[in-house]
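Asker: Just dropping this structure here.
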Amino acid sequence: MSTTPGGPRVPRGGKMDGAKADGAKAPAAPRRRKPLGEVLIDAGLITREQLTAAIAQQKMGKDRLGRVLITMGIGTEKDIAKAIAQQLNMEFVDLDDFIPDETVLLTLPEHLARRYQLIPLALANGTLKVGMVDPLDIVALDDVRRQTGHVAEPAVIAHDGFLRVLNQYPALDESLEAMIQDIKTEGPEEELGLDSLRKLVDEAPVVKLVNSMILQAIRQRASDIHIEPQETRVRVRYRIDGALYNVMTPPKHIQAAIISRLKIMADMDIAERRLPQDGRIQLKADNREIDLRVSTIPTVFGEKVVMRILDKSHTVVGIEKIGLLSDNRERFEAMIVKPYGIILLTGPTGSGKTTTLYTILNRLNSTESNIITIEDPVEYQMAGINQVMVNPKAGLTFANGLRAFLRQDPDIIMVGEIRDEETARIAIHAALTGHLVLSTLHTNDAPGAVTRLVDMGIEPFLVSSSLIGVIAQRLVRTLCERCKQPYAPPAEVLERLGAGMVAGDGQVPIYRPVGCEFCGKIGYKGRIGIFEILVADEAVKALVTKGASAADIRAAATRAGMWSLAEDGLEKIILGMTSPEEVLDVVYVDD
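At the far end of the sequence shown sits residue 629, using my numbering, and the numbering has no gaps.
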């Protein structure tokens, strides 16, 4: 990005603009390029006063004008990129609507794309269209030409769009590439006999490759490994802090070796490729006990494998670390010490409900209490707690397990999930007969959990009599402390969060992700919960008994001091814990 002309541009034909083919006429002087600031003023994106302030700010540092405007919150990444495209008479490509073509992306190594902040977009007739954050970077264009052998045609892209696509870039770790070269196969997967396959998967290169793939995922704090056969390659992705990232794209010919090796490790049938299978791998990595829950499904290009990584050393998080701010923590602590009743946790899959349940159990665990859990599956083993895993084939369901629990003299019962009326009814009965019951439901917010029980067929007076409270939660990524950067978010983002009165004066710093070596160039490291805690006080109980709507229950809880998910998220934005985009990605905000 630049505010000054970069000199006359030479077309692909090699002749200067305005020159005749025979060279009889001297080249015309290049037309002066309009400064970026003037382009933005003409487009109505900034005012003259804002431009003056931005130029003054620019003189105090080394950033270009576009970056200064973004930092000041005067323009968005996309607005600035569009203006640069107009200034340079180039095409702007909106990467929000761009679907990467893996074949095109593979024309350029990921490390070059990251270094020069560019994305290969399309390849046709020997010309590679390259989306660039800085389209005037001549060194980058020269390197692209040398690396690919194609003519490089620059287009303009926004920086945030570049980061989004870069995270999906096909990549291959150099240390793993050498292992792949040593794997010798006799042909495609369908042509490999079982004997050949069994011999291949026990050979050192395949064993090293698979072990390295798993170890790398564990060290990068991944929660899942996805191995996905494509038409011409295999895609390996890690889920880190809730988002999937491409980590390698090994060649197609080793697909059978990788997947069969994992199936053998998980005690699956390598001869069965037409049906889904489930298995488990237990291993020790970096002196930590690791469980891998392995699942396969048949796809048109071969078997897809997903491995859930369960690190036994990270079983329990302290209450002080899950993200409860002072008011919510007081409500949380007051709820979990009640001797009997039911506490419900709610939120979509992957919102951290299980972690919060284990946190509560860890706080309540003592020699004086008999704690029994029924889970599907038991994700982490906790000392001093009796944990049972459902087994539908043997007839052990949540409901049957709960019935048996009541004859085991329990003090605290944890039910992994309330899925039906029978389980809900037994859980409510247990809560009413002197037991503390913890469980989860899938609803969007805390008031919705109350009405969901009624919808299941539980009488409203039973719900109100047994309910202690409801905890709704989501997970957001936490900003990397080493590289997060203050900026002024666009007004529409603050309006969506209801934050106009809080942060609109610019006195409260709001931070965004940047990316550094510490966080793996992502800008985020770790996750934290945002919470909505509904306490079933007398007013709420009275409304539940009357069969009131979720909206009425929310209004009463709000009057009693309940923070909504959006409000808790906003507080964490203001505290510099996360970014506005993260909160808006996981919280439904009414227009």
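Built from N, CA and C at the ideal position, the CB exists for glycine as well.
Which class does residue 301 belong to by DSSP, given the choice of helix, strand or coil?
Answerer: Residue 301: helix per DSSP, three-state reduction.
Asker: Between which two residues does the alpha helix (DSSP H) carrying residue 367 extend?
Answerer: It spans 364 to 374 - the alpha helix (DSSP H) in which residue 367 sits, taken as one unbroken run.
Asker: Using a 10 Å radius around the Cβ and a threshold of 16 neighbouring Cβ atoms, would you call residue 615 buried or exposed?
Answerer: Residue 615 is buried by the Cβ-count criterion.
Asker: What did DSSP end up calling residue 617 once you bin it into helix, strand or coil?
Answerer: Of the three classes helix, strand and coil, the one that applies to residue 617 here is coil, per DSSP.
Asker: Note down, in chain order, each residue of its chain lying with its Cβ closer than 8 Å to the Cβ of residue 388, except the 5 sequence neighbours on either side.
Answerer: Here the set comprises 280 and 513.
Asker: Rounded to the nearest angstrom, what separates residue 381 and residue 441 at their Cα positions?
Answerer: Near 19 Å, if we compare the C-alpha coordinates of residue 441 and residue 381.
Asker: So, using beta-carbon positions, are residue 588 and residue 485 closer together than 7 Å?
Answerer: Yes, the pair counts as a contact, with Cβ atoms nearer than the cut-off.
Asker: Taking its Cβ as the centre, do 16 or more other Cβ atoms sit within 10 Å of residue 524, making it buried, or is it exposed?
Answerer: It is exposed - the Cβ of residue 524 has fewer than 16 other Cβ atoms within 10 Å.
Asker: Distance check for residue 202 and residue 296, CA to CA, integer angstroms please.
Answerer: When rounded, the distance between both Cα atoms is 28 Å.
Asker: Output needed for residue 278: all residues of its chain with C-beta closer than 7 Å, excluding positions within five of it in sequence on either side, in chain order.
Answerer: Within the same chain, residue 278 has close Cβ partners 258, 259 and 260.
Asker: Could you tell me which of 393, 162, 497 and 120 sits nearest to residue 131, measuring between CA atoms?
Answerer: Here the closest residue by C-alpha is 120.
Asker: Given a threshold of 16 other Cβ atoms within 10 Å of its Cβ, counted over all protein chains shown, does residue 472 qualify as buried or as exposed?
Answerer: So residue 472 counts as exposed.
Asker: Sorted by chain position, which residues of the same chain lie with C-beta nearer than 8 Å to residue 526's C-beta, five sequence neighbours on each side aside?
Answerer: Closer than 8 Å at Cβ, skipping near neighbours: 109, 110, 111, 112, 544 and 548.
Asker: Who are the Cβ neighbours of residue 313 in its own chain at under 6 Å, not counting the five residues just before and after it?
Answerer: Once the five neighbours on either side are set aside, residue 313 has no close Cβ partner at all.
Asker: Taking the alpha-carbon of residue 247 as reference, which of 415, 293 and 179 has the nearest alpha-carbon?
Answerer: Checking every option, the nearest Cα to that of residue 247 belongs to 293.
Asker: Give the straight-line distance between the Cα atoms of residue 324 and residue 349, rounded to the nearest whole angstrom.
Answerer: Their Cα atoms are separated by approximately 11 Å.
Asker: For residue 331, which of 339, 341, 320 and 337 has the nearest alpha-carbon?
Answerer: For the residues 339, 341, 320 and 337, the minimum Cα distance to residue 331 belongs to 320.
Asker: Nearest CA to the CA of residue 384: which residue from 595, 490, 199 and 618?
Answerer: Residue 384 has its Cα closest to that of 490, out of 595, 490, 199 and 618.
Asker: So residue 441 is in the alpha helix (DSSP H); what residue range does that whole segment cover?
Answerer: Element bounds for residue 441: 436 to 443.
Asker: Ignoring anything shorter than 3 residues, give me the beta strand (DSSP E) runs that lie fully in the region 98 to 172, in order along the chain.
Answerer: You should have 156 to 162 and 165 to 170.
Asker: By how many angstroms is the C-alpha of residue 367 removed from the C-alpha of residue 187?
Answerer: Whole-angstrom Cα-Cα distance: 60 Å.
Asker: Within a Cβ cutoff of 6 Å, which residues of the same chain sit near residue 540, ignoring the five residues on either side of it in sequence?
Answerer: Confidence in residue 540 is poor, its pLDDT being 48 and thus under 50, which makes the residue's placement too unreliable to answer from.
Asker: Which residues does DSSP list as the beta-bridge partners of residue 565?
Answerer: Residue 565 is bridged to 515.
Asker: Quick check on residue 508: does DSSP put it in helix, strand or coil?
Answerer: Correct three-state label for residue 508: strand.
Asker: For residue 630, which of helix, strand or coil comes out of DSSP?
Answerer: Beyond the ends of the chain as shown, which are 39 and 629, falls residue 630; an answer cannot be given.
Asker: On the DSSP letters alone, give me the boundaries of the alpha helix (DSSP H) that residue 75 sits inside.
Answerer: Looking at the DSSP string, the run of the alpha helix (DSSP H) that includes residue 75 is 74 to 80.
Asker: To the nearest angstrom, report how far apart residue 195 and residue 133 are at their CA atoms.
Answerer: Distance between the alpha carbons of residue 195 and residue 133 is about 7 Å.
Asker: Would residue 342 and residue 406 be called neighbours here (beta carbons separated by less than 7 Å)?
Answerer: No, the Cβ-Cβ distance between residue 342 and residue 406 is not below 7 Å.
Asker: Which residues mark the beginning and the end of the beta strand (DSSP E) in which residue 261 is found?
Answerer: From DSSP, the beta strand (DSSP E) with residue 261 extends over 260 to 267.
Asker: According to the Cβ coordinates, are residue 369 and residue 566 closer than 7 Å?
Answerer: Not in contact: residue 369 and residue 566 (Cβ atoms no closer than 7 Å).
Asker: Have a look at the DSSP bridge pairing and note the partners of residue 424.
Answerer: Answer is 410.
Asker: Quick one: what's got a C-beta closer than 6 Å to residue 474's C-beta in the same chain, skipping five residues either side?
Answerer: Answer for residue 474: 378 and 450, listed in chain order.
Asker: So, is residue 413 buried or exposed, given that buried needs 16 or more other C-beta atoms within 10 angstroms?
Answerer: Buried, since its Cβ has 16 or more Cβ neighbours within 10 Å.
Asker: For residue 478, write down the residues that DSSP places opposite it in a beta bridge.
Answerer: The partner list for residue 478 (beta bridge, DSSP) reads 383.
Asker: Give the straight-line distance between the Cα atoms of residue 242 and residue 249, rounded to the nearest whole angstrom.
Answerer: Going from the Cα of residue 242 to the Cα of residue 249 covers about 10 Å.
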